[in-house]
Amino acid sequence: AQSVSQHNHHVILSEAASLELGCNYSYGGTVNLFWYVQYPGQHLQLLLKYFSGDPLVKGIKGFEAEFIKSKFSFNLRKPSVQWSDTAEYFCAVNIKNTGKLIFGQGTTLQVKP
Amino acid sequence: SAVISQKPSRDICQRGTSLTIQCQVDSQVTMMFWYRQQPGQSLTLIATANQGSEATYESGFVIDKFPISRPNLTFSTLTVSNMSPEDSSIYLCSAGGAGGNSGNTIYFGEGSWLTVV
């Protein structure tokens, strides 16, 4: 069965530190890839997405992610985090363009001021 | 992008009762789905809401417990039946396939936070 794995369950960083959250998926065919963010007490919001083309995609709030097909990975990065980036981050994969998303377990990011 | 509205946003429900959650999209979409997010966990797909026909349920979810309707391309409902405390979760509606620049981007509603007592 297809799955999505996020390696970091809980990450604590100081402001201005760089961030990289890992995401790997298990499926050999065409995928659409997403990162969503859920701020405390708020709903799920789309950070960025990859469908095709340039494997380095840029999203909102300075986030970017790189799709590496050979590694089945879609890691999320931000050069300098802010306290306001404290949130839960979810990687998700859309298999075969069905629209059905398989989510990773989520990573809790805590940024200390 | 598609804007998705859910009602109710929160509710406290009595054990054994049923609650229907409504999901309204501001544009016609080809795909609508319902997810559950239990406390401290990730999202799990409950079912695909099919317009004009029975929903397609994922393993572990059944129509008797989670009946779903989708009468048109912009609206769907999910009912959580005969609730127990284990059903306390956030229930999220998602939609996509609006076409144009959105492609198959999947958007989510704000969720309906249900607490069963």
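Just so you know, the protein sequences line up as chains A and B, in that order.
Once you know that position 78 of the first sequence is 78 in this note's numbering, the rest is easy, because the numbers rise by one and skip nothing.
Once you know that position 98 of the second sequence is 1098 in this note's numbering, the rest is easy, because the numbers rise by one and skip nothing.
All C-beta atoms, glycine included, are put in the ideal place defined by N, C-alpha and C.
- Taking one beta carbon from each stretch, the segment 1087 to 1096 of chain B and the segment 1028 to 1047 of chain B have 3 or more pairs nearer than 8 Å; the two touch.
- The beta carbon of residue 1077 of chain B sits closer than 6 Å to the beta carbons of 1020, 1022, 1069 from its chain, once the five residues preceding and following it are set aside; these are given in chain order.
- Of the candidates B:1017, B:1075, B:1012, the residue whose Cα lies closest to the Cα of residue 1024 of chain B is B:1075.
- Going by DSSP, residue 68 of chain A is part of the beta strand (DSSP E) stretching over 64 to 68.
- Between the alpha carbons of residue 94 of chain A and residue 73 of chain A lies a gap of roughly 14 Å.
- Residue 47 of chain A places its beta carbon less than 9 Å from that of residue 89 of chain A.
- Shown here, residue 1085 of chain B sits in a helix according to DSSP, grouped into three states.
- Counting along the chain, no beta strand (DSSP E) covers residue 1050 of chain B, and no H or E run does either.
- Between residue 63 of chain A and residue 78 of chain A, the C-beta spacing is below 9 Å.
- Counting along the chain, the unbroken beta strand (DSSP E) around residue 35 of chain A starts and ends at 31 to 38.
- Shown in chain order are the members of the segment 87 to 102 of chain A whose Cβ falls below 7 Å from a Cβ of chain B: 90, 94, 97, 99, 100, 101.
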